[in-house]
Amino acid sequence: MTASQPKEKRFVSPLQIAEDQMLIGLTLLGQVGYLFWRTTGYMLRLQIDWAESTRQGYMIGVKSLVVVGITALFTGLAMSLQISRELVTFGADTAIGGVVSLALVREIGPITAGVIVAGRVGSSIAAELTTMMITEQIDALKVMRVDPIKFLVVPRYTAALIVIPTLSTYAMFLGLIAGIFIAKTAANVPPEAFLDSVRQTILDRDFAVHYLKSIINATVIIFFSCAIGLNTRGGAEDVGIATTRAIVWTMISIFILNFVVTSLTYAPR
Amino acid sequence: MTAEPVLQVKNIHKAFGDRKILEGVSFDVYAGEMLGLIGPSGCGKSTLLKIICGLLAPDQGEVIRRSDDIGLVFQGSALLNSLSVRNNLALALDGRNLTKKEEDKIIREKLELVELSDFMYASPTRLSGGQQKRTSFARAIVNDPKIILYDEPTTGLDPVMSTVIEDYMIVLSHQLSAASIVVTHQFSTWTRTTNRVVLMFEGKIVWQGTPEEGVKSDNPFMQQFATGSREGPMLTAKI
Ligand SMILES: Nc1ncnc2c1ncn2[C@@H]1O[C@H](COP(=O)(O)OP(=O)(O)OP(=O)(O)O)[C@@H](O)[C@H]1O
Ligand SMILES: [Mg+2]
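So the sequence lines, in the order shown, correspond to chains X and U.
Position 107, counted from 1, in the first sequence is what the numbering used here calls 107; the numbers after and before it change by one each time, with no gaps.
Position 122, counted from 1, in the second sequence is what the numbering used here calls 391; the numbers after and before it change by one each time, with no gaps.
Now the structure itself:
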């Protein structure tokens with residue numbers, strides 16, 4: 001027997017795998033729900049470490065500015081180019097600003113910021129908390145009678161609730177600048193006409209949906225990554241597994257919930 | 270020492286999956302007493318300490334603690350890497366509503382004890398293994414706890430620093446009349462600091478007595494453990 005020989009393989013039916021995955025998923029959702037309940041409990045009683053929340057805000061926000069910016073800019077450029085092209089064909093050049101900004105406010109802004117922050121921050125939170133579990137830092141907190149949820153999750157969620165909507169708005173503005181640039185260069189629509197069209201199209205309600213979506217994203221990112229981090233045991237290789245798991249779960253949830261909100265708020269009547 | 274024990278460990282059983290680690294461990298620890306917990310690597314000493322301080326639940330048996338003031342020196346230090354050395358200690362003081370000045374005074378005092386006051390504002394990640402161990406020691410005792418659990422407090426320290434820590438453990442157990450348990454592989458630590466030694470093997474206590482008795486014991490387990498011999502009941506592998 002050499003070490004490279006594969007482990008004994010057993011046949012596992014697809015049904016069994018589906019059942020196992022379902023159980024794992026339900027367990028995780030339970031953990032997320034519990035964490036949400038405990039965290040918001042502290043926050044409603046204003047038991048928040050503001051200094052730590054500021055530090056987390058810096059880590060989540062400032063360090064995501066460049067990536068979110070570049071992503072939003074290029075998504076905005078590509079999207080505006082497509083939209084301009086089609087609208088010019090229909091002779092509807094003056095509507096470019098409206099259509100581009102609708103897409104940005106309702107969909108692209110929140111989803112770009114959400115996905116980028118999920119990749120950058122969700123994964124690093126899951127890795128950090130898993131490492132803290134493995135190196136017994138969480139146990140150390142418990143022995144000192146410090147609640148890990150209050151110490152770790154509350155400041156991260158507080159920060160995310162402020163920073164992620166800000167990043168979404170920032171992504172939206174950069175996309176808009178890309179739109180103005182494309183409208184001018186590709187469709188010869190002057191910035192004033194573009195902005196006029198934006199003003200006529202965008203309603204307060206669109207901004208409400210924008211913030212609703214980004215708050216949902218913040219919630220999903222923080223609670224999935226924290227729940228996964230705080231429930232992983234084992235060794236160094238589990239840090240990688242937890243990180244991947246956090247990204248997969250947050251991304252999927254962000255896209256699904258984004259659609260749910262869109263369908264509840266913008267379904268054709 | 271005639272009063273009730275501060276800590277009672279009663280018939281503890283613990284298994285991880287189907288691997289039985291602890292199979293009926295019982296002992297009492299009184300105020301001012303230092304119990305040495307020794308045994309081969311992997312026999313469940315750290316697991317037992319975690320059960321005693323409530324981090325793990327036993328499968329069977331119970332732990333009775335007559336104080337909630339409990340300090341644990343982790344085998345792997347377990348310092349919070351996101352905080353400075355100072356704030357690691359401050360965290361343990363959190364519940365006491367001290368001013369920053371009072372906190373600083375206590376923290377500096379404890380750090381001076383382990384010769385680390387120069388590292389008060391350093392990140393634990395910048396410390397050597399032994400320095401981390403000493404910080405973990407300072408953090409565990411910063412509250413003057415009534416129950417102190419030391420998981421290999423002198424492992425990885427130079428002989429001089431080991432002696433310093435051992436001396437301080439002795440002083441603390443008298444000063445605070447704390448009930449202490451020290452897990453150690455270091456001969457000097459259990460012979461110098463403890464009043465009573467418990468030897469664990471395969472989930473059970475196989476010998477107990479004073480360290481003086483331990484050194485001279487003709488119990489085959491204790492004899493093999495004290496001398497570190499290959500010959501005896503603890504080892505089946507041959508070269
Ligand atoms: N969370 C856990 N899950 C599964 N097995 C574990 C867990 N913690 C410890 N063990 C196992 O329990 C046994 C006892 O571990 P423990 O850390 O208590 O040993 P120890 O006596 O402290 O050893 P050492 O002297 O090497 O520190 C080991 O075999 C270890 O693999
Ligand atoms: Mg151990």
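C-beta atoms are modelled at their ideal positions from N, C-alpha and C, and glycine is treated no differently.
Problem - Among Tyr-390/U, Asp-387/U and Thr-460/U, nearest to Glu-482/U - alpha-carbon criterion - result: Looking up residue 482/U in the second sequence gives position 213. For Glu-482/U, the nearest C-alpha among the options comes from Thr-460/U.
Problem - chain U contact residues for Met-59/X, given Cβ-Cβ distances below 9 Å - result: Within the first sequence, residue 59/X is the residue found at index 59, counting from 1. Within chain U, no residue comes near Met-59/X; the closest Cβ sits about 10 Å away, beyond 9 Å.
Exercise for the section: List the endpoints of the continuous alpha helix (DSSP H) containing Tyr-34/X. Expected result: For the purposes of this step, residue 34/X is taken as the residue at position 34 of the first sequence. Counted as a single uninterrupted DSSP element, the alpha helix (DSSP H) harbouring Tyr-34/X occupies residues 14-44.
Exercise for the section: Return yes when the C-beta of Ser-315/U is under 6 Å from any heavy atom of ligand 2, and no when it is not. Expected result: If you number the second sequence from 1, residue 315/U lands on position 46. True, at least one ligand heavy atom lies under 6 Å from that Cβ.
Practice task
Say yes only if the C-beta of Ile-134/X is nearer than 6 Å to one or more non-hydrogen atoms of ligand 1, and no if none qualify.
Solution key: On the first sequence, residue 134/X is found 134 positions in, with the first residue counted as 1. Incorrect: Ile-134/X has no Cβ contact closer than 6 Å to ligand 1.
Practice task
Enumerate, from N- to C-terminal direction, the unbroken beta strand (DSSP E) stretches of 3 or more residues contained entirely within the region 381-461 of chain U.
Solution key: Entirely contained in the region 381-461 of chain U, the beta strand (DSSP E) runs reaching 3 residues are, in chain order, 416-420 and 448-452.
Handout entry: Whether Ser-336/U touches Lys-279/U by CB criterion (7 Å)
Key = Here residue 336/U refers to the residue found at position 67 of the second sequence. Here residue 279/U refers to the residue found at position 10 of the second sequence. The beta carbons of Ser-336/U and Lys-279/U sit no closer together than 7 Å.
Problem - chain U contact residues for Lys-142/X, given Cβ-Cβ distances below 9 Å - result: For the purposes of this step, residue 142/X is identified with residue 142 of the first sequence, where counting begins at 1. Those within 9 Å of Lys-142/X in chain U are Cys-322, Gly-323 and Leu-324.
Exercise for the section: Leaving aside the five residues before and after Pro-14/X along the sequence, list all residues of the same chain whose C-beta is less than 7 Å from its C-beta, in chain order. Expected result: Here residue 14/X is taken as the residue at index 14 of the first sequence, counted from 1. Within its own chain, no residue has a Cβ closer than 7 Å to the Cβ of Pro-14/X once the five positions on either side in sequence are excluded.
Exercise for the section: Within 10 angstroms of the Cβ of Arg-334/U, are there 16 or more other Cβ atoms? Answer buried if so, exposed if not. Expected result: In the second sequence, counting from the first residue as 1, residue 334/U sits at position 65. Residue burial annotation: Arg-334/U is buried, with at least 16 other C-beta atoms found within 10 angstroms of its C-beta.
Handout entry: Ile-215/X CB to nearest heavy atom of ligand 1 below 6 Å
Key = Within the first sequence, the letter at position 215 stands for residue 215/X. No - ligand 1 has no heavy atom lying nearer than 6 Å to the Cβ of Ile-215/X.
Practice task
Name the residue from Val-411/U, Asn-412/U, Gln-455/U and Ala-409/U whose alpha carbon lies nearest to the alpha carbon of Ser-431/U.
Solution key: The residue you call residue 431/U lines up with position 162 of the second sequence. Closest by C-alpha distance to Ser-431/U, out of Val-411/U, Asn-412/U, Gln-455/U and Ala-409/U, is Gln-455/U.
Exercise for the section: Note down, one range per segment and in chain order, each beta strand (DSSP E) of at least 3 residues found wholly within the region 181-211 of chain X. Expected result: Entirely contained in the region 181-211 of chain X, not one beta strand (DSSP E) run reaches 3 residues.
Practice task
List the residues that DSSP assigns as beta-bridge partners of Gly-305/U.
Solution key: Along the second sequence, one-based indexing puts residue 305/U at 36. Paired residue(s): Val-451/U and Val-466/U.
Handout entry: CB contact flag (Thr-423/U, Ile-434/U, <7 Å)
Key = The count along the second sequence starts at 1 and reaches residue 423/U at position 154. The count along the second sequence starts at 1 and reaches residue 434/U at position 165. Yes, Cβ-Cβ distance for Thr-423/U and Ile-434/U is below 7 Å.
Exercise for the section: Assuming Ser-346/U and Gln-277/U form a contact by the criterion Cβ under 8 Å, report the distance between their Cβ atoms to the nearest whole angstrom. Expected result: Looking up residue 346/U in the second sequence gives position 77. Looking up residue 277/U in the second sequence gives position 8. The C-beta distance from Ser-346/U to Gln-277/U rounds to 28 Å, too long to meet the 8 Å contact threshold.
Problem - Beta-carbon neighbours of Thr-135/X, restricted to chain U and to distances below 7 Å - result: For the purposes of this step, residue 135/X is identified with residue 135 of the first sequence, where counting begins at 1. Near Thr-135/X (Cβ distances below 7 Å), the residues of chain U are Gly-345 and Ala-347.
Handout entry: Distance between Ile-125/X and Thr-75/X (C-alpha atoms, nearest Å)
Key = Numbered from its first residue, the first sequence carries residue 75/X at position 75. Numbered from its first residue, the first sequence carries residue 125/X at position 125. It is roughly 26 Å from the alpha-carbon of Thr-75/X to the alpha-carbon of Ile-125/X.
Exercise for the section: Flag this pair as yes or no: are the beta carbons of Leu-230/X and Leu-141/X separated by less than 7 Å? Expected result: Counted from its first residue, the first sequence places residue 230/X at position 230. Counted from its first residue, the first sequence places residue 141/X at position 141. Not in contact: Leu-230/X and Leu-141/X (Cβ atoms no closer than 7 Å).
Handout entry: Asp-328/U versus Leu-468/U: straight-line alpha-carbon distance, rounded
Key = Here residue 328/U is taken as the residue at index 59 of the second sequence, counted from 1. Here residue 468/U is taken as the residue at index 199 of the second sequence, counted from 1. A straight-line Cα-Cα distance of about 21 Å links Asp-328/U and Leu-468/U.
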